[in-house]
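Visitor: In the UniProt record's numbering, the protein residues as written are 1 to 81. Mind having a look at this structure? Questions to follow.
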Amino acid sequence: MEVSGEAFLVLSEAGKPIYSLHGEENHLASLTAVMQALVSYVQDLDDSIKCISFGDVQISFLIKPPLILVERRVELRATPK
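Next up, the structure:
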């Protein structure tokens with residue numbers, strides 16, 4: 001498998017974007033709000049979110065108060081020639 005489309009995001013616990021690497025800046029505010037909402041929802045259930053996977057996309061979370069670190073990876077499968 002080939003990994004493509006990695007993106008890293010650092011946001012505050014309040015959902016404010018702090019840093020983005022390889023992310024689309026025009027979608028950053030809404031993306032950080034969604035990420036913070038996911039983290040908050042799971043914390044309200046007395047649990048912690050580590051990873052979400054769907055299709056070839058994996059989103060990993062590392063919560064280090066007051067920061068939330070997010071990594072998105074898209075795996076491209078090699079096609080036979």
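For each residue, glycine too, the CB sits at the ideal point set by N, CA and C.
Val-39 and Ile-63: beta carbons closer than 8 Å?
Guide: Cβ atoms of Val-39 and Ile-63: closer than 8 Å.
Visitor: Take the Cβ of Gln-43 as the centre, count every other Cβ of all protein chains shown within 10 Å, and call the residue buried at 16 or more, exposed below.
Guide: So Gln-43 ends up on the exposed side.
Visitor: For Lys-50, tell me which candidate among His-27, Arg-72 and Ser-30 has the shortest Cα-Cα distance.
Guide: Ranking His-27, Arg-72 and Ser-30 by Cα distance to Lys-50 puts Arg-72 first.
Visitor: If contacts are defined as beta-carbon pairs under 8 Å, then Val-70 and Leu-28 qualify, I think. What distance do you get, rounded to the angstrom?
Guide: Not quite, the Cβ-Cβ distance comes to about 11 Å (not below 8 Å), so this is no contact.
Visitor: Which first and last residues belong to the beta strand (DSSP E) in which Ser-53 is found?
Guide: From DSSP, the beta strand (DSSP E) with Ser-53 extends over 51-54.
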